[in-house]
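Protein chains: 2
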Amino acid sequence: MATTGRSACPLNMSLELIGDRWTLLILRDMVFNDRRHFRELLANSKESIASNVLASRLQALTDAGIVTKESHDGHKQKIVYSLTDRGVELLPAMIQLGAWGARHTPAVASIGLWFEIASDAGPGVWQELMDELRARHRLHAPADPDLEPAFSRLSAEFRDVRARRQASHS
Amino acid sequence: MATTGRSACPLNMSLELIGDRWTLLILRDMVFNDRRHFRELLANSKESIASNVLASRLQALTDAGIVTKESHDGHKQKIVYSLTDRGVELLPAMIQLGAWGARHTPAVASIGLWFEIASDAGPGVWQELMDELRARHRLHAPADPDLEPAFSRLSAEFRDVRARRQASHS
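Those protein sequences? They're chains A and B, same order as listed. Counting in my numbering, the first sequence runs from 240 upward without gaps. Counting in my numbering, the second sequence runs from 240 upward without gaps.
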């Protein structure tokens, strides 16, 4: 991170913690793709993150109290990363950044559609999504669709809209 | 910007364009502090941005169609930077990032309060704020409080809440 004057503007403080793209991409994979292990975060990275970058960013996220790590049975291979409340509450910012990318960059249309639907759904639904993430990350368990009505509802809406668009283009 | 695989995830695309903290800090000063000239952006920077960094980021923002520049009377000193629609529509993401910083970092409490009020105000008010920014940046004119009910309303609410908090702490 670049050295700066000590501005305590809240936007600056946020950017000092999470203002590099790798950090937000790791959080994206934890939030939206339910990746909780180093290996998954590394192997499935669409942006081909380097192993040392992933390790250093996970350490910084842990130090900042955005992510916690816990090893199962003391196995180093079984370390599970979870979001704290502080991490979960980045969801609205991530949805806004994704929706902006969907509207203003040549992003993949289908994922963009998901972000636009999530953005249009508004603060009430973002709260529900955050509650579901909190439950998932407290349980240290993978996503359970039965327990996640807001994520499931958005996914269903996404599939609907996509199907209608595909039908109207064929 | 780091080299990456060519992921077209909309969040990744956003971060490729604006995912370094200087870029968002420059946009913050244009959006919230109405700075439109190179000199103002440089001299008033709370984070002491370096002149060459400011120049390169403004150029990248112009290339990306987020900002336009226009010189008045052909004077190089009088170049005015304005936000395009693409730039204005970053407002909700910036508000969310600022509100997160207010809640989760040791940010300045009073500016943090502004971001929290703006975040709680919700999507309808963000639209109004964006309309006001569009008007201001189309006119190439400084902020006119008479034309800006949403910015003025938030400022009034901010002063109210701050005064009440100060009274209750004294």
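Glycine included, C-beta positions come from ideal geometry on N, C-alpha and C.
message: Along the stretch 296 to 311 of chain A, where does the CB come closer than 7 Å to a CB of chain B? Name the residues.
response: Here the close residues number zero.
query: Excluding sequence positions up to five away, which residues of its chain have a Cβ less than 8 Å from the Cβ of V319/A?
result: What you label residue 319/A is simply residue 80 of the first sequence in a count that begins at 1. These residues qualify, in order along the chain: R275, H276, K308, E309, S310, H311 and H379.
- prompt: Going by beta carbon distance, what residues of the same chain come within less than 7 Å of L280/A, once the five residues before and after it are set aside?
  reply: If you number the first sequence from 1, residue 280/A lands on position 41. Here the set comprises I265, D268, R274 and L293.
message: Suppose the cutoff is 8 Å on Cβ atoms and the five residues either side in sequence are ignored; what does the same chain contact list for F354/B look like?
response: In the second sequence, counting from the first residue as 1, residue 354/B sits at position 115. Here the set comprises I334, G337, A338, G340 and A341.
message: Using the three-state DSSP reduction, which class does L322/A fall into: helix, strand or coil?
response: Translated into the one-based positions of the first sequence, residue 322/A becomes position 83. L322/A falls in the strand class under three-state DSSP.
message: Relative to the C-alpha of R401/A, which candidate in R278/A, A348/A and L256/A has its C-alpha closest?
response: As a position in the first sequence, residue 401/A is number 162, starting the count at 1. Considering only R278/A, A348/A and L256/A, the residue with the shortest C-alpha distance to R401/A is A348/A.
task: Please compile the residues from chain B whose C-beta is within a distance smaller than 7 Å of the C-beta of L293/A.
output: Taking the first sequence and counting its residues from 1, the one referred to as residue 293/A is at position 54. From the beta-carbon of L293/A, no residue of chain B is found nearer than 7 Å; the closest lies around 13 Å away.
field: Residue span of the beta strand (DSSP E) that contains T307/B, given as start and end
entry: Counting from 1 along the second sequence, the entry for residue 307/B is found at position 68. For T307/B, the enclosing beta strand (DSSP E) starts and ends at V306 to S310.
- prompt: With distances taken between CB atoms, is the gap from T344/A to S253/B smaller than 8 Å?
  reply: Residue numbering aside, residue 344/A sits at position 105 when the first sequence is read from its first letter. Residue numbering aside, residue 253/B sits at position 14 when the second sequence is read from its first letter. For T344/A and S253/B, yes; Cβs fall inside 8 Å.
query: Counting contacts by CB-CB distance shorter than 8 Å, is E285/B in contact with chain A?
result: Position 46 of the second sequence holds residue 285/B. Per the sequence shown, residue 285/B should be read as Lys rather than Glu. With 8 Å as the cut-off, K285/B counts as an interface residue toward chain A.
query: Leaving out five residues before and five after G351/A in sequence, what residues of the same chain have Cβ atoms less than 6 Å from its Cβ?
result: The count along the first sequence starts at 1 and reaches residue 351/A at position 112. A341, listed in sequence order.
- prompt: Can you list the residues of chain B that F354/A reaches, using a CB-CB cut of under 8 Å?
  reply: Here the question's residue 354/A lines up with position 115 in the first sequence. F354/A reaches chain B at P249 and L250, counting residues in chain order whose Cβ is nearer than 8 Å.
- prompt: When the Cα atoms are used, what is the spatial distance from A289/A to N283/A?
  reply: Sequence index remark: in the first sequence, residue 289/A carries index 50 (1-based). Sequence index remark: in the first sequence, residue 283/A carries index 44 (1-based). Looking at the two C-alpha atoms, the distance is approximately 12 Å.
- request: Could you tell me the distance, in whole angstroms, from the CA atom of K285/B to the CA atom of E255/A?
  value: Locating residue 285/B in the second sequence gives position 46, counting from the first residue. Locating residue 255/A in the first sequence gives position 16, counting from the first residue. Distance between the alpha carbons of K285/B and E255/A: 14 Å.
- request: Tell me, please, whether the CB atom of V347/A is closer than 8 Å to any CB atom in chain B?
  value: Residue numbering aside, residue 347/A sits at position 108 when the first sequence is read from its first letter. By the rule that beta-carbons nearer than 8 Å mark a contact, V347/A touches chain B.
message: Between T262/B, E367/B, V364/B and H376/B, which has its C-alpha nearest S295/B's C-alpha?
response: Position 56 of the second sequence holds residue 295/B. If we check each option's Cα against that of S295/B, T262/B comes out closest.
query: E328/A versus chain B: which residues are under 8 Å apart at the beta carbon?
result: Start at 1 with the first residue of the first sequence, and residue 328/A comes out as number 89. What E328/A touches in chain B: W339, R342 and H343.
message: Below 8 Å on the Cβ atoms is my contact criterion, and I expect L322/B with H376/B to pass it. Report the Cβ-Cβ distance as a whole number of Å.
response: Mapped onto the second sequence, residue 322/B falls at position 83. Mapped onto the second sequence, residue 376/B falls at position 137. H376/B and L322/B do touch by the CB rule: their CB atoms are close to 5 Å apart, below 8 Å.
Cβ pair R373/A, D324/A closer than 8 Å: Stepping through the first sequence from its first residue, residue 373/A is reached at position 134. Stepping through the first sequence from its first residue, residue 324/A is reached at position 85. Their beta carbons are under 8 Å apart, which means R373/A touches D324/A by this criterion.
query: Measuring CB to CB, does P362/B end up less than 8 Å from G361/A?
result: In the second sequence, the residue the question calls residue 362/B occupies position 123. In the first sequence, the residue the question calls residue 361/A occupies position 122. Yes; because the gap between Cβ atoms is below 8 Å, this pair is in contact.
- prompt: At a CB-CB cut-off below 9 Å, which residues of chain B make contact with I350/A?
  reply: Counting from 1 along the first sequence, the entry for residue 350/A is found at position 111. What I350/A touches in chain B: A247, C248, P249 and L250.
message: Less than 8 Å between the beta carbons of L368/B and F397/B, yes or no?
response: Here residue 368/B refers to the residue found at position 129 when the second sequence is read from its first residue. Here residue 397/B refers to the residue found at position 158 when the second sequence is read from its first residue. No, the Cβ-Cβ distance between L368/B and F397/B is not below 8 Å.
field: Backbone CA spacing between N272/B and R278/B [nearest angstrom]
entry: Taking the second sequence and counting its residues from 1, one reaches residue 272/B at position 33. Taking the second sequence and counting its residues from 1, one reaches residue 278/B at position 39. C-alpha separation (whole angstroms): 14 Å.
task: Say yes only if the C-beta of E286/A is nearer than 7 Å to one or more non-hydrogen atoms of the ligand FAD, and no if none qualify.
output: Although the ligand FAD was asked about, the structure shown includes no ligands whatsoever.
- prompt: Below 8 Å between beta carbons: does that hold for L330/A and I257/A?
  reply: Looking up residue 330/A in the first sequence gives position 91. Looking up residue 257/A in the first sequence gives position 18. Contact flag unset, no.
task: Per DSSP, which residues does D259/A bridge with? Please list them.
output: Numbered from its first residue, the first sequence carries residue 259/A at position 20. Per DSSP, D259/B.
query: Quick one: Cα of R404/A to Cα of P249/A, how far?
result: Residue mapping note: residue 404/A aligns to position 165 of the first sequence, counting from 1. Residue mapping note: residue 249/A aligns to position 10 of the first sequence, counting from 1. It is roughly 40 Å from the alpha-carbon of R404/A to the alpha-carbon of P249/A.
- request: Starting from R278/A, trace the alpha helix (DSSP H) both ways and give me its first and last residue.
  value: The residue you call residue 278/A lines up with position 39 of the first sequence. That run of the alpha helix (DSSP H) goes F277 to A282.
- prompt: Going by alpha carbons, who is nearest to Q366/B out of L393/A, S287/A and S358/A?
  reply: Translated into positions along the second sequence, residue 366/B becomes position 127. Taking only the C-alpha atoms, the option nearest Q366/B is S358/A.
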